[in-house]
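Chemist: Take a look at the following structure, please.
6 protein chains.
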Amino acid sequence: MFYTDNKLQYPVRVETPNPLFARALQQAIGGIEGEVRVAMQYFFQACGARGNNKFRDLLMNTAAEELGHIEMLATAVALNLEGAPLSMQEEAAGDPINGAVLGGMNLKNLLSAGLSAMPVDSDGVPFDMSHIYASGNIAADMTANVTAESTGRTLAVRLYNMTNDPGMKDMLAYLIARDTMHQNQFMAALEELGGAEGNFPIPNSFPQDMETQEFSYAYLGFQADGSEPAQGRWSKGTSMDGKGEFTTRVFKPLGDEPNLGKAKPKSGAQSQQI
Amino acid sequence: MFYTDNKLQYPVRVETPNPLFARALQQAIGGIEGEVRVAMQYFFQACGARGNNKFRDLLMNTAAEELGHIEMLATAVALNLEGAPLSMQEEAAGDPINGAVLGGMNLKNLLSAGLSAMPVDSDGVPFDMSHIYASGNIAADMTANVTAESTGRTLAVRLYNMTNDPGMKDMLAYLIARDTMHQNQFMAALEELGGAEGNFPIPNSFPQDMETQEFSYAYLGFQADGSEPAQGRWSKGTSMDGKGEFTTRVFKPLGDEPNLGKAKPKSGAQSQQI
Amino acid sequence: MFYTDNKLQYPVRVETPNPLFARALQQAIGGIEGEVRVAMQYFFQACGARGNNKFRDLLMNTAAEELGHIEMLATAVALNLEGAPLSMQEEAAGDPINGAVLGGMNLKNLLSAGLSAMPVDSDGVPFDMSHIYASGNIAADMTANVTAESTGRTLAVRLYNMTNDPGMKDMLAYLIARDTMHQNQFMAALEELGGAEGNFPIPNSFPQDMETQEFSYAYLGFQADGSEPAQGRWSKGTSMDGKGEFTTRVFKPLGDEPNLGKAKPKSGAQSQQI
Amino acid sequence: MFYTDNKLQYPVRVETPNPLFARALQQAIGGIEGEVRVAMQYFFQACGARGNNKFRDLLMNTAAEELGHIEMLATAVALNLEGAPLSMQEEAAGDPINGAVLGGMNLKNLLSAGLSAMPVDSDGVPFDMSHIYASGNIAADMTANVTAESTGRTLAVRLYNMTNDPGMKDMLAYLIARDTMHQNQFMAALEELGGAEGNFPIPNSFPQDMETQEFSYAYLGFQADGSEPAQGRWSKGTSMDGKGEFTTRVFKPLGDEPNLGKAKPKSGAQSQQI
Amino acid sequence: MFYTDNKLQYPVRVETPNPLFARALQQAIGGIEGEVRVAMQYFFQACGARGNNKFRDLLMNTAAEELGHIEMLATAVALNLEGAPLSMQEEAAGDPINGAVLGGMNLKNLLSAGLSAMPVDSDGVPFDMSHIYASGNIAADMTANVTAESTGRTLAVRLYNMTNDPGMKDMLAYLIARDTMHQNQFMAALEELGGAEGNFPIPNSFPQDMETQEFSYAYLGFQADGSEPAQGRWSKGTSMDGKGEFTTRVFKPLGDEPNLGKAKPKSGAQSQQI
Amino acid sequence: MFYTDNKLQYPVRVETPNPLFARALQQAIGGIEGEVRVAMQYFFQACGARGNNKFRDLLMNTAAEELGHIEMLATAVALNLEGAPLSMQEEAAGDPINGAVLGGMNLKNLLSAGLSAMPVDSDGVPFDMSHIYASGNIAADMTANVTAESTGRTLAVRLYNMTNDPGMKDMLAYLIARDTMHQNQFMAALEELGGAEGNFPIPNSFPQDMETQEFSYAYLGFQADGSEPAQGRWSKGTSMDGKGEFTTRVFKPLGDEPNLGKAKPKSGAQSQQI
């Protein structure tokens, strides 16, 4: 169950409203790297967590934090939209180039939301909840969370570099710090679950002698000229899960040309196929 | 540039066609954990790779492999759909319960594709390319790939457990082995890039003294009763990136209630808001 | 800012797990009438609320409640999925009709989520955040909320009628009661804002003498035979906003056939169009 | 069945073509508040209407009107796109700032549609038919229609305020008037069905003594500090449906921490969860 | 402008309601081969038609017809849903296998639409208006329409083969006949525009001497072993547009390995890439 | 199975990077007329091809070619993004108008992809795999491919006309030539399958005496005033499939007003409908 106190987790202030930066910030709300995504991802992972409850608690606690981040960013978007022109005339008065501000905004922030934030990305594409990764496998979930926080921090850094508004830089410096922690905390959860050797290959509950082990640690080459693919840590030495030895192998097809044969009559095919 | 030889990478054989299993296999083609996703993700990551070219080659080489996996699975779907009823009557003849097979299929596999595979998931939802994570940050990309292969192998294991067709089990045992390798190879790429300490927090090009470091390694608590959140490896000790020390802290809001003030006249608000 | 106590708002208990009912319940999570929708809608409306702050507080307070409803329903889905078959064989053992349970489930609940809830509807379609209506106009928002709670309660009633599990009926009776309140509370907010006469037509900030008033209260007929359209409260008498008198009028086109003329050279048209 | 006369319902004229305004107008075609939405919503509601046929007729008649509105707006978009630059050079010749017009347009209007309208919103996002609310409950449908016309008129007002083209203002003044009528006509339909007391809570066919009535008219508080939530018409007095008395109550969880227990073996979980 | 007479274009009758067939029919409403698609596609093509107006009229006239087809199919879906069980108990009473009918239905037809049609496909996926192809090029549009009617008639034939209800077979025989005509009428429009030689390659307004003509009629081979690709009418002889001679050529890359070089500092890349 | 050589099919060079043109090129990658679409469409058609295998080979061979086109265009996007401003300040330094370049870009190309290509269209909308038409009917598929190449070449021509960069014009001239060939090759496949008379109406496996032949070649008029619709090649003369004679007929409804009667109790309708 959730509670609110209507306050912002961290102060949000905008010295010079910038409607284009409002558009950029939308990516941090409704983009695939954004806060709606992480809030809902941790929430759904928590709801489906089986096994030791402390992982459920870690996830739900962090979901609560991320809800507060959405609130901060939505406030930042609204504040940046203050001063956006509402008409071609108003725009022309403030700026010699007709359309440069309106044209650079997400028009839906004005037309659909009346100068407020929306759960859309920086190009106005609504967030799609298929991006909520909650697999029922705790290690896969934690790995997905490290990914989400890595792209999330990368986005926050790009936004930080884009603006020179001191209020926005301050808010983003806080969010970047939190992403640092969240990357670390989900790696720590993986560590607590046994680290690379204890968890990988995910899922670790499948007996590896049932997979086709000849190919389990082979770096296969698909170069047209039959040459070896580019070498690296992945092509020789002990595998990262400690359970195999990397090899390299130029691959040849093991199967034949597939042939589905004739189409069934009455299946809507052409008569030439039947 | 790409080439084909029209052959299957690994043999695909179905002893007892099962239209419901065809539907389940669709998840491995067009699901978010599926092969279209990884093929296109590695492809786009390769196309945008900057820096040492061997990572580009690793990605493009693996993309070529994954294209072949789609081909295998699409063949498996078509073979499992052989024998699907084309009509209510045909179904009733083979099975006393009208609708049990047709009702359990993805009807689009019949109605739209004429008993062939489609780039949709097991509930008939088309794959959406927003799931292609290609961030321009090589470590974030590799982390995303470990995630993709972890959920991918989890899915393949669930499919393996669901069927008892020897041909399908053989094919899935091969795909599970390849996912084992791919989890390992992308972890190896991260290792080659410097491992956790060399890469995290991602992006490592942002000077950490510009983030609000007071919060960089603090596990913050958002429990309604003000208690500490559940403890674990993430709440004390050295951080996973080796750059900080985990602490725990019950959080209180640092900001005030946000107040956006009045709406602008002519912004389409109610007069009560202006 | 948000807080959690990890507890369920209301008890969730399932006496006889039913994977098909789990699928039906998904509509109440990720359907357009579902709880993710209302939680996020009230949240975004609150974040963009301008004018008297008590509406912001009403919205954010109710958003907190709805987050707890998602949690309840996600738990109910997971509990109903206990006992779902993991394989064709397991299914065949418990039930003479191969595929009747697996075929009736959302397969993604098993394949993607490992027997847990997802933010998708009862056909496995992910929730799309374009359904978050937050218009920046407080009366339009409140009207949208009455709509959301009306379709929400209709859905909850259909689910209540579908099941005979006492635990599920108890949980749904609670949710139905809350939808009763929420319909009423958002109508009350409209009342406090001035009711039909004070708010409509929305937005009330546009001077009505600037609209083409000849058509503002006319029920126009588009019947092919030129007859009057079906009469009702909408075709005569005082309008609901108290600002006009309903009339009925058979409509004839006031414009001509549109003619866009020739296509521009170099616009990619056929030469026959240029 | 439908008929056409190829004429515009109301004259559409553009004095000064403005490609950015074409983009804004797209919201009124393919946005969630747009005309495709209302045309298709009333159409599908009509097709599913059960009970007194006059509501079906009202809906289908209005659907016919709305189809004509799409036609008007599509013509307006095409006329505003006349004069859009087809190349960087053409643009540079007319305007000192390279890219300001092309950059502000929906490029798909040029690249995909050859300077014509598309069923997309002002950011180029295609309309998604999940926004067609047709619930099978006539009162819920009418409420949804009041909502659609409220956000529709809000959008039309914003567009009116954005342009100073006399032709466009004239067209929009007509559309705003029609939205005034449509808000009123659907409220009138609700009135004819019995008004707030006759219809609410929706659906009114569910016996209220089967809901958990203790919570049916209680305004529940979810404030972190346990204080009462903000008061208003919704917190005391007779409820809007006339069937209860509003109360206020600070809420405490009635359920416990959910515990899903162990994961099933073979469900693809980690062995630590099993 | 559009008019309605509320009548069905062709009689719709269902002798034995079948909820699973209702689900199948949904594909013909909201599938990519369905009637919403063609109605809206011809409508938008008409709205954007430049050049000879008779093509606009052909398109708008056919759009009106297709709207009537949606109406027929929506009625057919609702009639097939009569008799669907509303509860697990009701189902169990009529059918020994719990869940076989409910599990085979689109649950949204019941839960969201109250036993009515929706603009979704046979798996419950909503129609997405990006499928409206209206290119601004009249020949491309007509070709797209032949395609739409080809997949549309294929779908209608599959539905005809699936059912043995005489009323449904009669309705589908009518729709199949109309698709026959529509395939022919759009081919006739292409013929009137000059046929293959007059129209192809589309767009015919681009001077072919500006394309890289060495490759304009060459069938290029991408076989891994460097062999020629499979021969056919496409590999030698005069081209179908009459403007070239087909040749076959094994292809070798003309470009080098792409190299994007280093990432820009401050672009959010890893320091290893900069 | 697929192979790569990491080389570009054709040289890609950009003399003057232009971030707005990068955005336009995105349409050729992730737009519905783009290369992801054709690559995946031919790939899935090949995987489901039944009947003569040479069509499968034609399709898979061309899929391999199109994968190389994505690679070229993704490289072109990245090269055009070189020099995009990373901040408001950087932009302001190079250009007097703040926001004109950043505002005209797809911001996701910067924020999500770090100056690289994405599988999205020119407005940042991700490609949706429902656009992969693979019908199981070989003639319908080939017709769909002619359509795809027609809109594809139209798009390439528009892009060619938009830029004056010699490198980009050279690349596009190559792609336009390939689209010329692909239009021709798929028409040739139709010819080899028997041409219009041998294939149409599609599917040709349905006995035409089972369709309602009275309407199979009639151009039906839906003009409101009962006049004949606009005449053309489609209204008289032999039909294009050679199997009928075109006629024209003003249409009157053959069905009655539909009446679904009362709603079922417990179906969630209002009591007024029951």
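Protein chains in written order, with full-length UniProt numbering: chain Y, 1 to 274; chain X, 1 to 274; chain P, 1 to 274; chain A, 1 to 274; chain U, 1 to 274; chain D, 1 to 274. Here a beta-carbon is modelled for each residue, glycine too, at the ideal position from N, C-alpha and C.
#1: How about the segment 177-190 of chain X and the segment 210-218 of chain Y: do they share at least three Cβ pairs that are nearer than 8 Å?
#2: If you measure between the beta carbons of X:Ser122 and P:Lys262, is that distance less than 8 Å?
#3: With DSSP as the reference, label P:Asp256 as helix, strand or coil.
#4: Beta-carbon within less than 6 Å of X:Tyr119's beta-carbon, same chain only, minus the 5 sequence neighbours each way: which residues are those?
#5: What residues in the segment 195-219 of chain A bring their beta carbon closer than 9 Å to a beta carbon of chain D?
#6: Quick check on the burial criterion: 16 or more other C-beta atoms within 10 angstroms. Buried or exposed for D:Val250?
#7: Quick check on the burial criterion: 16 or more other C-beta atoms within 10 angstroms. Buried or exposed for D:Gly124?
#8: Residue range of the beta strand (DSSP E) that X:Gly124 falls in?
#9: Closer than 8 Å by C-beta to A:Phe222: which residues in its own chain qualify, once you throw out the five before and the five after it? Chain order, please.
#10: Could you name each continuous alpha helix (DSSP H) segment of 4 residues or more that falls completely within the segment 5-36 of chain X, going from the start of the chain to the end?
#11: Anything in the segment 152-163 of chain Y with a Cβ closer than 7 Å to a Cβ of chain B? List those residues in chain order, please.
#12: Residue range of the beta strand (DSSP E) that U:Tyr219 falls in?
#13: Quick one: measure Cβ to Cβ for X:Asn199 and X:Leu190, integer angstroms, because I've assumed they're closer than 8 Å.
#14: Whose C-beta lies closer than 8 Å to the C-beta of D:Lys264 among residues of the same chain, with five residues either side of it excluded?
#15: Of the choices X:Asn52, X:Pro258, X:Gly268, whose alpha-carbon is the least far from that of P:Asn53?
#16: Could you check which residue in A:Asp225, A:Asp57, A:Thr154 has the C-alpha nearest to that of P:Pro207?
#17: Below 7 Å, is the gap between the Cβ of D:Pro85 and the nearest heavy atom of the ligand MG?
#18: When you check each C-beta in the segment 15-40 of chain P against every C-beta of chain A, which residues fall closer than 9 Å?
#19: Do you know whose CA, among D:Ser130, D:Gly244, D:Ala76, D:Leu58, lies nearest D:Asn18's CA?
#20: Residues of chain D with CB closer than 8 Å to the CB of X:Lys54, please, in chain order.
#21: In the segment 159-241 of chain D, which residue ranges form an unbroken beta strand (DSSP E) of at least 3 residues, counting only runs that do not cross its ends?
#22: Going by alpha carbons, who is nearest to X:Leu67 out of D:Ser112, D:Thr248, D:Val14, D:Thr4?
#23: Ordered along the chain, which non-local residues of its own chain (more than five positions away) have a Cβ less than 7 Å from that of X:Gly136?
#24: By the three-class DSSP mapping on this structure, what secondary structure does D:Glu82 have?
#25: Would you say Y:Asn169 faces chain U, with C-beta separation under 8 Å as the test?
#26: Against chain Y, does residue 278 of chain P count as a neighbour if the rule is that its beta carbon must be under 8 Å from one of theirs?
#27: Tell me, please, whether the CB atom of A:Lys262 is closer than 8 Å to any CB atom in chain X?
#28: In this structure, how does DSSP classify Y:Arg50 when only helix, strand and coil are distinguished?
#29: Taking beta-carbon pairs under 7 Å, can you tell me which members of the segment 47-71 of chain A lie near chain Y?
#30: Can you tell me where the beta strand (DSSP E) with Y:Phe246 in it begins and where it stops?
#31: Does P:Pro96 pass the burial test, meaning 16 or more other C-beta atoms within 10 Å, or should it be called exposed?
#32: Is X:Tyr133 helix, strand or coil by DSSP?
#33: Quick one: residues in its chain with C-beta nearer than 7 Å to the C-beta of D:Pro166, no 5 flanking neighbours on either side, listed in chain order?
#34: Kindly list the residues whose CB is nearer than 6 Å to the CB of P:Ile132, restricted to its own chain and excluding five residues on each side of it in sequence; keep chain order.
#35: Kindly indicate if chain A contains any beta-carbon less than 8 Å away from that of Y:Val77.
#36: Answer with buried or exposed for U:Asp225, where buried requires no fewer than 16 other C-beta atoms within 10 angstroms of its C-beta.
Modeler: Once the coordinates are examined:
#1: yes
#2: no
#3: coil
#4: In the sequence under discussion, the amino acid at residue 119 of chain X is Pro, which differs from the Tyr named in the question. Excluding residues within five positions, the ones whose Cβ falls inside 6 Å are Gly30, Val36, Phe127.
#5: Gly198, Asn199, Ile202, Pro203, Asn204, Ser205, Phe206
#6: exposed
#7: buried
#8: Neither: X:Gly124 is in no beta strand (DSSP E) and is coded neither H nor E.
#9: Pro229, Phe251
#10: 19-30
#11: The structure shown contains no chain B; the protein chains it does contain are Y, X, P, A, U and D.
#12: 218-221
#13: 6 Å
#14: Ile274
#15: X:Pro258
#16: A:Thr154
#17: The model depicted lacks the ligand MG and carries no ligand whatsoever.
#18: Ile32, Glu33
#19: D:Ala76
#20: Those do not exist, as X:Lys54 stays about 11 Å from chain D at its closest Cβ, beyond 8 Å.
#21: 218-221
#22: D:Thr4
#23: Gly48
#24: coil
#25: One point to set straight first is that residue 169 of chain Y is Lys, not Asn, in the sequence displayed. No, no contact with chain U.
#26: Look at the range of chain P in this structure, 1 to 274, and you will see that residue 278 of chain P is not part of it.
#27: no
#28: coil
#29: none
#30: 245-250
#31: Residue confidence is low: P:Pro96 scores 47 on pLDDT, short of 50, so the model does not pin down where it sits. Its coordinate-derived value is still stated next. So P:Pro96 counts as exposed.
#32: coil
#33: Glu15
#34: Met40, Gln41, Phe44
#35: no
#36: exposed
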